[in-house]
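**Student:** Residue numbers for the sequence shown follow my numbering, so the first one is -14 and each next one is one higher. Note that CB positions come from ideal geometry on N, CA and C, so glycine has one too.
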Amino acid sequence: MSKLKEVKKIGAKIDENTVQVLEDLLASAKTGELQAIMYVDKNNKGECGHGWAGVLDKRMIGELQSLNFCFLAKMHLVRDGEDWGDE
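1. Between the stretch 17 to 24 and the stretch 38 to 49, do at least 3 Cβ pairs fall closer than 8 Å?
2. Consult DSSP for LYS59 and reduce its assignment to one of helix, strand or coil.
3. Using a threshold of 9 Å, state whether the C-beta atoms of VAL25 and GLY31 are closer than that.
4. In angstroms, rounded to a whole number, what distance separates the CA positions of THR16 and VAL4?
5. Apart from the five residues just before and just after GLY36, which ones in its own chain have a Cβ nearer than 7 Å to its Cβ?
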């Protein structure tokens, strides 16, 4: 039995999109294409964490900041550029 089925048996809710993204990232890492990763996670208890692995470089700082802004916009904590204007 796969570990995914074992988790389902104990009643945990599984987000299939999260599983697919992780499987895609793992496949990319196994081929050597993926060289580094930064992440934020949340478990089923609502606890959050963060981390990174691999050889990080300065170009990732800009991507991390872009991700931060996109996340804030998606959560409606900031407005995107189209909504900005004189108030």
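**Tutor:** The answer reads as follows:
1. These segments touch.
2. Locating residue 59 in the sequence shown gives position 74, counting from the first residue. Three-state result, LYS59: helix.
3. Counting from one through the sequence shown, the residue named residue 25 turns up at place 40. Counting from one through the sequence shown, the residue named residue 31 turns up at place 46. Contact: no.
4. For the purposes of this step, residue 16 is taken as the residue at position 31 of the sequence shown. For the purposes of this step, residue 4 is taken as the residue at position 19 of the sequence shown. Going from the Cα of THR16 to the Cα of VAL4 covers about 19 Å.
5. Within the sequence shown, the letter at position 51 stands for residue 36. Contacts found: TYR24.
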